[in-house]
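Heads up: the sequence shown at position 44 corresponds to 748 in the numbering used here, and the numbers run straight through without jumps. Note that CB positions come from ideal geometry on N, CA and C, so glycine has one too. Right, one structure below, let's go through it.
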Amino acid sequence: MAAKKPMKMRRRRPQKEINGFLPLLLVGLILISLFSWQIAVLFVVGLAPSIVLSITGKGVYKAQKLQCVAFCNIAGIIPFALQVWNRPREFAEVVSNPINLVAMFGAAAIGYALIYVGPMIAAQVLQTMAKERLKTIAQQRQALLEVWGPDVLGDQNDPAPEPNWAKGKRG
């Protein structure tokens, strides 16, 4: 009798995160172009950092990173879009002015900075909040000791093991 060959396990391909930025961008640009083609072109030029990130971005939180950069980028484009809306004849001047491009792309750079600095700031805030909570718990414990005395802590020399539910364990 021949030995059975072990079954090969199929490896599942990791599912990629669906990115809806480009279709949303295209629909938005088509709607904007119905009102003013100059503003649509301005958005295409100004959203270059966001478009590049949507194509080349990788990682677990790709969609969140893209949202952060894109929203900051759009915030940098809006003042120039309003300028073109009010005076469409100045479109070429707005798009070709390097200071305007630096302002639009600089807003995207702020989005990139938020991606890298944000978690560090959040960690510091959470750590500070945890320290304050520990101080509050210590103060409450001290207040209980003053009101009820040291017996509230139980007998520290008691050989009886503490039950699992008191340790925060199940079962």
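An exposed status is given to Q844, since fewer than 16 other beta-carbon atoms sit within 10 Å of its beta-carbon. The C-alpha of K708 is placed about 49 Å away from the C-alpha of K769. Rounded to whole angstroms, the separation of the alpha carbons of V799 and G810 is 15 Å.
Annotated three-state conformation of N804 is helix, per DSSP. Under the Cβ criterion (8 Å, minimum of three pairs), the stretch 740-751 counts as touching the stretch 775-786.
For A774 against F725, the beta-carbon gap comes to about 7 Å, under 8 Å, which counts as contact. For G763, the secondary structure class from DSSP, reduced to helix, strand or coil, is coil. Nearest neighbour of Q771 by Cα position, chosen from S758, A752, S737 and S740, turns out to be S758. DSSP places S754 in the helix class (H, G or I) of the three-state scheme.
The Cβ neighbour count for N790, taken over all protein chains shown within 10 Å, is under 16; the residue is labelled exposed. Under the DSSP assignment, P727 falls in the alpha helix (DSSP H) whose first and last residues are F725 to F739.
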